[in-house]
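Heads up: the structure comes next, in structure tokens.
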Amino acid sequence: MEEVNRVSNIIDEYEEKIARATLLYQYKTSRYQDVLETLKNLESNVLKLFSSLSIFVTVFVIIIRYNTGVLLHVAPSPAQAAALTAAGVAFVTLCSAWSYVFRAVASANRAEFPLEEVDDDFHNEDRERTLSLLINWYSAVIKDVEVQYNAKSLLVGKAFNDMIFTGCGFIVFAVFIYFINIA
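Counting from 1 along the sequence shown, just add 1002 to a position and that's the residue number in our numbering.
This is the structure in structure tokens:
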């Protein structure tokens, strides 16, 4: 009878370990999906920002192209020099913002699910060991995705800082072009 109770306790402990490992596995898979979805949302927004910046670069180049006659003279006035300086600052910071966003758009290597290893472990190991391996894999991938997210967020933050300078430079440029055209 004592032996039966001992075996029953071992089985109960094992089932409890399996239940806890299953809960942890479910949590990790859910967390992985959440982190991956967050990264995909960031990448989607970065793509929208990238296309907006690309359009702005094109518009800015067109504006400069059609105002070169006003801006480039043998002896430019102080207003023309200020407009050219503002245009230069705006264009350089715009290109910088565009490069930050371009780097954030670039896809990073994603961890691949180790199918063969999991398949071998699934058939050769017990449930607890298999769940443990999957939990460890998800933990590592979650960290990797979070690192990618943080890196992309940092690049987007730098791009927004550059976009502030771009906007200021563009406004100054537009004001000077307006006054030069009026004069």
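Note that the Cβ used here is the ideal one computed from N, Cα and C, for glycine as well.
Nearest-angstrom Cα separation, counted from residue j out to residue i
i     : j     : result
T1201 : V1072 : The requested residue 1201 does not occur in the structure, where the chain is confined to residues 1003 to 1185.
V1061 : L1074 : 19 angstroms
C1097 : F1181 : 26 angstroms
L1135 : A1089 : 57 angstroms
R1067 : Y1140 : 53 angstroms
R1105 : Y1029 : 32 angstroms
A1099 : M1165 : 6 angstroms
V1107 : L1049 : 6 angstroms
Y1187 : R1129 : Residue coverage of the chain in this structure runs from 1003 to 1185, which leaves residue 1187 outside it and unanswerable.
V1149 : T1132 : 26 angstroms
L1156 : I1064 : 30 angstroms
V1177 : E1039 : 43 angstroms
N1183 : N1069 : 9 angstroms
P1080 : L1044 : 43 angstroms
V1006 : E1127 : 25 angstroms
E1015 : V1143 : 29 angstroms
A1085 : K1160 : 25 angstroms
A1083 : A1153 : 38 angstroms
I1179 : F1162 : 25 angstroms
F1031 : S1109 : The sequence given here places Thr at residue 1031; Phe does not occur at that position. Computed Cα separation, rounded: 22 angstroms.
I1012 : E1018 : 10 angstroms
CA nearest to the CA of residue i, picked from the options
i     : options                    : result
F1172 : F1104, R1131, V1094, L1133 : V1094
V1174 : R1067, N1043, A1092, E1039 : A1092
Y1034 : D1146, A1161, N1007, I1179 : D1146
V1158 : E1004, V1149, A1085, N1047 : N1047
V1059 : I1013, G1169, A1185        : G1169
K1042 : V1009, S1010, Y1151, N1163 : Y1151
Y1217 : E1004, P1078, N1138        : Only positions 1003 to 1185 of the chain appear in the structure, and residue 1217 is not among them; the question remains open.
Boundaries of the alpha helix (DSSP H) in which residue i is found, first to last residue
i     : result
A1088 : 1080-1107
D1051 : Here residue 1051 turns out to be Leu, not Asp, going by the sequence shown. L1051 -> alpha helix (DSSP H) spans 1004-1068.
A1185 : No alpha helix (DSSP H) contains A1185, which DSSP labels as neither H nor E.
### Inter-stretch contact at 8 angstroms, needing at least 3 Cβ pairs: the stretch 1015-1023 / the stretch 1048-1057
no
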